[in-house]
Amino acid sequence: MDVDVFLAGWEIECCQPPPAEGDHVSWPLVWADDPSGPGALELAWSVRPVAAGAGRNVPGLLLQHGPLSAWWAGTAEEEVPGRGTLLADLHGGMPHHVQPTGGRVVRVQVVVQLYRRAGTPTYVPVAGEFELRHVTRSPRWFDEGSGGPEPRPELKRMQSGVLVGLRPEAAAG
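For what it's worth, my numbering labels the leading residue of the sequence shown as -6, then goes sequentially.
Dropping the structure here:
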């Protein structure tokens, strides 16, 4: 079963090698309650217990679906959303005991997201308003839209990252 995983552009611009079709990757995943985001899918998760003393300094639940492992920031098993998005988190935003999910990259798509101004200088994504553009390798740098002089537009489109089609592999051992 292939799944889509969103990898934010800033993760790649910082220090993550741009993924390409055919690459093997291994990333810690977060399950986000974003039913209309890029790559949204439905999964029936099993909640796995977190071992005592596992450094659980971040509230949340460890989720499992076949070879997929993900962290969800909620604390009640019955509130885990059945529809959401998988996000790669490569900069330590989750507990260390979340095992990375490994697999083969089968598709790469640049996500061009529509953003609405929510204050100065903040923009927020408009739910469900994005376009996908197929590439064979992720770009290293992402277009953040016009950064022109004031006044800033109410709406703008920016490349927010890539949606990676991942064919998960069972963990060794």
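The beta carbon of each residue, even a glycine, is placed where N, CA and C say it ideally should be. As the structure is a prediction and not an experimental result, all values here were calculated from the model.
Practice item. Pick helix, strand or coil for phenylalanine -1, following the three-state DSSP scheme. Key: In the three-state DSSP reduction, phenylalanine -1 falls in the strand class (E or B).
Exercise for review: Within its chain, find whatever has a CB closer than 6 Å to the CB of serine 19; leave out the 5 residues flanking it on each side and keep chain order.
Suggested key: Hits under 6 Å: Pro93 and Gly95.
Point to revise | For serine 131, the first and last residue of its enclosing beta strand (DSSP E) | key: Per DSSP, serine 131 lies in no beta strand (DSSP E) and is assigned neither H nor E.
Practice item. Excluding the 5 residues preceding and the 5 following glycine 121 in the sequence, name in chain order all residues of the same chain whose CB lies nearer than 6 Å to its CB. Key: Excluding residues within five positions, the ones whose Cβ falls inside 6 Å are Ser29.
Point to revise | Contacting residues, own chain, Cβ-Cβ under 7 Å from phenylalanine 123 (five flanking each side not counted) | key: Closer than 7 Å at the Cβ level, and outside the excluded window around phenylalanine 123, lie Pro31, Val104, Val105, Gln106 and Leu107.
Practice item. Return the CA-CA distance between methionine -6 and valine 119, expressed in angstroms with no decimal places. Key: Cα to Cα, the separation comes out at about 29 Å.
Check your understanding: DSSP on glutamate 186, reduced to helix/strand/coil?
Key -> Past the edges of the chain, shown from -6 to 166, lies residue 186, and the structure says nothing about it.
Review point. Is the CB-CB distance between proline 88 and aspartate 26 below 7 Å?
Key: No Cβ-Cβ contact shorter than 7 Å links proline 88 with aspartate 26.
Exercise for review: Compute the beta-carbon to beta-carbon distance between valine 101 and arginine 130, rounded to the nearest angstrom, for a pair I have assumed lies under 8 Å.
Suggested key: Sure, about 6 Å apart at Cβ, within 8 Å.
Review point. Just the Cα atoms here: how many angstroms apart are leucine 34 and leucine 80?
Key: Roughly 12 Å separates the two Cα atoms.
Exercise for review: State the DSSP-derived secondary structure class of glutamate 4, mapped to helix, strand or coil.
Suggested key: Note: glutamate 4 maps to helix in three-state DSSP.
Check your understanding: When we look at the beta-carbon of serine 39 and count the other beta-carbons within 10 Å, is it buried (16 or more) or exposed?
Key -> In summary, serine 39 is exposed, with fewer than 16 beta-carbon neighbours lying within 10 Å of its beta-carbon over all protein chains present.
Review point. Quick one: is aspartate 136 buried, meaning 16 or more other Cβ sit within 10 Å of its Cβ, or exposed?
Key: Flag for aspartate 136 reads exposed.
Review point. Below 7 Å between beta carbons: does that hold for tryptophan 24 and glycine 77?
Key: With contacts defined as CB atoms closer than 7 Å, tryptophan 24 and glycine 77 qualify as a contacting pair.
Review point. Which residue or residues does DSSP assign as beta-bridge partners of proline 28?
Key: The partner list for proline 28 (beta bridge, DSSP) is empty, contrary to what the question assumes.
Point to revise | Same chain, Cβ closer than 6 Å to glutamate 4, five either side skipped, listed in chain order | key: Cβ-Cβ distances below 6 Å link glutamate 4 to Leu83 in the same chain, with the five nearest sequence neighbours on each side left out; the list follows chain order.
Practice item. Hey, could you find the ends of the beta strand (DSSP E) glutamine 57 is sitting in? Key: Taken as a continuous stretch (DSSP letters only), the beta strand (DSSP E) holding glutamine 57 covers 54 to 58.
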